[in-house]
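Notes to accompany the following structure.
Numbering (the working numbering), first residue to last: 115 to 196.
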């Protein structure tokens, strides 16, 4: 649906798995919970999104997906000059 905007916690394993399964991870932007968490904590949380499922057989968010979201240039996508 064009123009549809949504918010979700990308640090949530379920949210990330759904985005990965639907092939829409390229539409996700990374954000922090500042001032409640520091950027470093939020980045580590994103990189450890699979930690919650442990050694279970549940699907895993690929490392490539998590890193691509972290590396995405959100400012240019939003038309903001740094």
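For each residue, glycine too, the CB sits at the ideal point set by N, CA and C.
Model, not experiment: these values are computed from the prediction.
For this session: Please classify residue 191: does DSSP put it in a helix, a strand, or coil?
Result: helix
Exercise. Run through DSSP, which three-state label would residue 159 get?
Worked result: helix
For this session: Using a threshold of 9 angstroms, state whether the C-beta atoms of residue 175 and residue 158 are closer than that.
Result: no
For this session: For the alpha helix (DSSP H) containing residue 140, list its first residue and its last residue.
Result: First-last for residue 140: undefined, no H or E at that position.
Exercise. Should residue 115 go down as buried or exposed, given a rule of 16 or more other Cβ atoms within 10 Å for buried?
Worked result: Interpretation of residue 115 is limited by its pLDDT of 44, a score under 50 that renders its predicted location unreliable; no figure is taken from the coordinates.
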